[in-house]
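One structure is given below, encoded as structure tokens.
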Amino acid sequence: MEYQIDRNNCNQRIDKFLKRMLKDAPVSFIYKMFRQKDVKVNGKRVSIDYLLKEGDQISVYLKEELLNQFHKDAILRPVKADFPILYEDENILVVDKPKGLLVHEDEGEKRITLQNMVLNYLKEKREWDPSDLTGFIPSPAHRLDRNTSGIVIFGINIVTLQELLRLFRERDQIEKRYTLLVRGITSERGEINFPLIKDSEKKIVKVGSLSKGAKPALTRFHRIKAYQCGFSLVEAELLTGRTHQLRVHFASISHPIVGDSKYGDFSVNENFEKMYGLKNQFLHASYFKFLELEGPLSYLSGKEFRSKLPEKEEKILASISRL
Numbered sequence: 000m001e002y003q004i005d006r007n008n009c010n011q012r013i014d015k016f017l018k019r020m021l022k023d024a025p026v027s028f029i030y031k032m033f034r035q036k037d038v039k040v041n042g043k044r045v046s047i048d049y050l051l052k053e054g055d056q057i058s059v060y061l062k063e064e065l066l067n068q069f070h071k072d073a074i075l076r077p078v079k080a081d082f083p084i085l086y087e088d089e090n091i092l093v094v095d096k097p098k099g100l101l102v103h104e105d106e107g108e109k110r111i112t113l114q115n116m117v118l119n120y121l122k123e124k125r126e127w128d129p130s131d132l133t134g135f136i137p138s139p140a141h142r143l144d145r146n147t148s149g150i151v152i153f154g155i156n157i158v159t160l161q162e163l164l165r166l167f168r169e170r171d172q173i174e175k176r177y178t179l180l181v182r183g184i185t186s187e188r189g190e191i192n193f194p195l196i197k198d199s200e201k202k203i204v205k206v207g208s209l210s211k212g213a214k215p216a217l218t219r220f221h222r223i224k225a226y227q228c229g230f231s232l233v234e235a236e237l238l239t240g241r242t243h244q245l246r247v248h249f250a251s252i253s254h255p256i257v258g259d260s261k262y263g264d265f266s267v268n269e270n271f272e273k274m275y276g277l278k279n280q281f282l283h284a285s286y287f288k289f290l291e292l293e294g295p296l297s298y299l300s301g302k303e304f305r306s307k308l309p310e311k312e313e314k315i316l317a318s319i320s321r322l
């Protein structure tokens with residue numbers, strides 16, 4: 000088997016590249032190929048941590064029956080690609096996720112997910128081939144809860160996805176904000192700096208102490224509008240990316256997000272469901288900005304993306320402003 004590395008597959012270790020190509024091969028088998036000199040790059044033996052470069056020619060000596068056994072096409076479940084696109088180029092796809100849609104599949108839903116919609120969209124445009132031997136699958140660089148709407152960014156090739164994952168992990172070159180409606184009148188500006196810890200048994204996140212395994216979590220916010228009926232529309236910026244961070248942080252300062260069934264005020268939630276049909280948290284990923292970037296995505300420096308509130312949330316705000 001011969002394969003030439005293009006710009007979409009460089010800058011990764013060769014063993015990881017082969018693990019994606021040969022999805023069902025045991026790790027021990029892949030390492031054995033290196034020991035037996037069955038893997039060469041540009042005609043020369045390389046170590047398992049060799050970093051692939053654009054133009055490298057990989058030669059893998061593998062019987063055809065084993066190749067067919069270990070390589071399988073990516074599973075693509077047909078589904079209508081129904082999502083607004085905020086921006087796209089050869090490297091990234093920025094989409095506007097509606098509420099109620101999973102980003103990734105789970106045990107209960109394998110087909111109707113944002114990622115599956117994106118894959119179908121890219122396949123139709125011939126920008127991704129499920130049978131590609133490299134095994135790379137375009138993927139989101141971050142997640143939103145099923146019932147949170149707004150901006151999600153996908154990496155279309157491996158170099159971009161690796162860079163996006165780094166940016167979201169380090170968070171000092173991106174800016175990410177959410178719009179939310181909370182109970183009570185918040186201060187005009189504030190900072191919530193409470194460490195968070197997951198309770199896996201109860202499937203919730205709680206405020207905890209660093210000494211007991213909690214991770215630092217920092218949120219900054221400003222109030223957009225205070226409503227006389229006792230609610231605040233807030234814009235919050237995530238400076239860390241913990242699970243359920245905004246939901247737990249605002250609940251911890253007695254301003255739970257309206258509609259939050261896990262951390263919210265259940266009587267408030269019940270009233271909003273009866274009056275407005277709101278069954279989910281009023282939480283929307285409304286703004287994203289790339290700051291000063293270096294490397295393959297430097298051309299996106301200063302690029303901003305905005306997502307409008309869903310129509311239902313806009314109607315709710317218009318209604319409570321009259322109360």
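Here the sequence shown stands for residues 0 to 322, numbered as in this note's numbering.
Idealized CB from N, CA, C, for every residue including glycine.
Note that this is a predicted model, so its numbers are computed, not measured.
Original post:
What span of residues does the alpha helix (DSSP H) with E291 cover, start to end?
Top reply: First-last for E291: undefined, no H or E at that position.
Original post:
Looking at the structure shown, is R19 part of a helix, part of a strand, or coil, going by DSSP?
Top reply: Judged by DSSP in its simplified three-state form, R19 adopts helix.
Original post:
Assuming V45 and I13 make a contact with CB atoms under 8 Å, what is their CB distance in whole Å?
Top reply: The Cβ separation is near 6 Å, so the contact holds.
Original post:
Under three-state DSSP, which class holds L195?
Top reply: In the structure shown, L195 falls within a strand segment according to DSSP collapsed to helix, strand and coil.
Original post:
Just how far apart, CA to CA, sit G42 and Q11?
Top reply: The C-alpha of G42 lies about 19 Å from the C-alpha of Q11.
Original post:
For A342, which of helix, strand or coil comes out of DSSP?
Top reply: Beyond the ends of the chain as shown, which are 0 and 322, falls residue 342; an answer cannot be given.
**OP:** Could you check the C-alpha separation between K124 and G276 for me, to the nearest Å?
**Re:** Their backbone Cα atoms lie some 37 Å apart in a straight line.
Original post:
For G183, which residues from the same chain have a beta carbon less than 8 Å from its beta carbon, with the 5 sequence-adjacent residues on both sides left out?
Top reply: Around G183, the same chain offers G229, F230, S231, S253 and H254 as residues with beta carbons nearer than 8 Å, after the five sequence neighbours per side are excluded.
Subject >> Which of helix, strand or coil DSSP assigns to V400 >> reply: Residue 400 cannot be examined here, being either before or after the span of the chain that is shown, 0 to 322.
Subject >> Spatial distance of V93 from G149 (CA atoms) >> reply: Spanning the alpha carbons of V93 and G149 requires a straight line of approximately 10 Å.
**OP:** Grab me the residues of L113's own chain with a C-beta within less than 6 Å of its C-beta, minus the 5 sequence neighbours each way, in chain order.
**Re:** Closer than 6 Å at Cβ, skipping near neighbours: K96, L100 and V102.
**OP:** Could you check what DSSP says for R305 in three-state terms: helix, strand or coil?
**Re:** In the structure shown, R305 adopts extended strand secondary structure according to DSSP, grouped into three states.
**OP:** Taking 8 Å as the cut-off, decide whether the C-beta atoms of V181 and L195 are in contact.
**Re:** Taking 8 Å as the Cβ cut-off, V181 and L195 do not qualify as a contacting pair.
Original post:
Distance, Cα to Cα, F33 vs Y49?
Top reply: For F33 and Y49, the distance between alpha carbons rounds to 11 Å.
Original post:
Which full runs of the alpha helix (DSSP H) of 4+ residues lie inside the stretch 95-159, going along the chain?
Top reply: Complete alpha helix (DSSP H) runs here, min 4: 113-123.
Original post:
CB-CB under 8 Å to K211, same chain, minus the five flanking residues each way: which ones, in chain order?
Top reply: Short of 8 Å from the beta carbon of K211, and not among the five residues preceding or following it, lie these beta carbons of its own chain, in chain order: I196.
**OP:** Hey, could you find the ends of the alpha helix (DSSP H) F314 is sitting in?
**Re:** Note on identity: in this sequence residue 314 is Lys, with Phe being the wrong assignment. Judged by DSSP secondary structure, K314 falls within the alpha helix (DSSP H) whose first and last residues are E310 to I319.
Original post:
How would you write the range of the alpha helix (DSSP H) that S58 sits in, first residue to last?
Top reply: In this chain, S58 is not harboured by any alpha helix (DSSP H); it is covered by the beta strand (DSSP E) spanning Q56 to V59.
Original post:
Can V257 and V267 be called in contact, C-beta distance under 8 Å?
Top reply: Going by C-beta atoms, V257 is nearer than 8 Å to V267.
Original post:
Can you name the residues that DSSP bridges to K224?
Top reply: Beta-bridge pairing links K224 to L232.
Original post:
Which one or two residues does DSSP pair with H283 in a beta bridge?
Top reply: Under DSSP, H283 takes part in a beta bridge, and its partners are S148 and T178.
Subject >> Through-space distance from S138 to Y298, alpha-carbon basis >> reply: Answer to the nearest angstrom: the Cα atoms are 21 Å apart.
Original post:
Can the beta-carbon of L143 be found less than 8 Å from the beta-carbon of F281?
Top reply: Result no, Cβ atoms of L143 and F281 do not sit closer than 8 Å.
Original post:
Skipping 5 residues on each side, what residues in its chain have a beta carbon closer than 6 Å to that of F135?
Top reply: Listed in chain order, the non-local C-beta contacts of F135 below 6 Å within the same chain comprise I157, local neighbours out to five positions each way being set aside.
Original post:
Start and end of the beta strand (DSSP E) containing K205?
Top reply: Residue range I203 to V206 is occupied by the beta strand (DSSP E) that includes K205.
Subject >> Burial state of M20 (16 or more Cβ within 10 Å) >> reply: M20 should be labelled buried.
Original post:
Whose C-beta lies closer than 6 Å to the C-beta of H243 among residues of the same chain, with five residues either side of it excluded?
Top reply: Cβ within range, chain order: V204.
Subject >> Backbone secondary structure at I173 - three-state DSSP >> reply: The three-state secondary structure of I173, taken from DSSP, is strand.
Original post:
Quick one: Cα of L308 to Cα of T147, how far?
Top reply: Cα to Cα, the separation comes out at about 11 Å.
Subject >> DSSP three-state assignment for Q11, whether helix, strand or coil >> reply: Correct three-state label for Q11: coil.
**OP:** Name, in chain order, the residues that DSSP records as bridge partners for V93.
**Re:** Y86 and I152, per the DSSP bridge assignment.
Subject >> Whether S300 touches L290 by CB criterion (8 Å) >> reply: Here S300 is near L290, since their CB atoms are less than 8 Å apart.
Subject >> V26 in three-state terms, based on DSSP >> reply: Of the three classes helix, strand and coil, the one that applies to V26 here is helix, per DSSP.
Original post:
Between the beta-carbon of V16 and the beta-carbon of L51, is there less than 8 Å?
Top reply: Checking the sequence shown, residue 16 turns out to be Phe, not Val. The answer is yes: Cβ separation under 8 Å.
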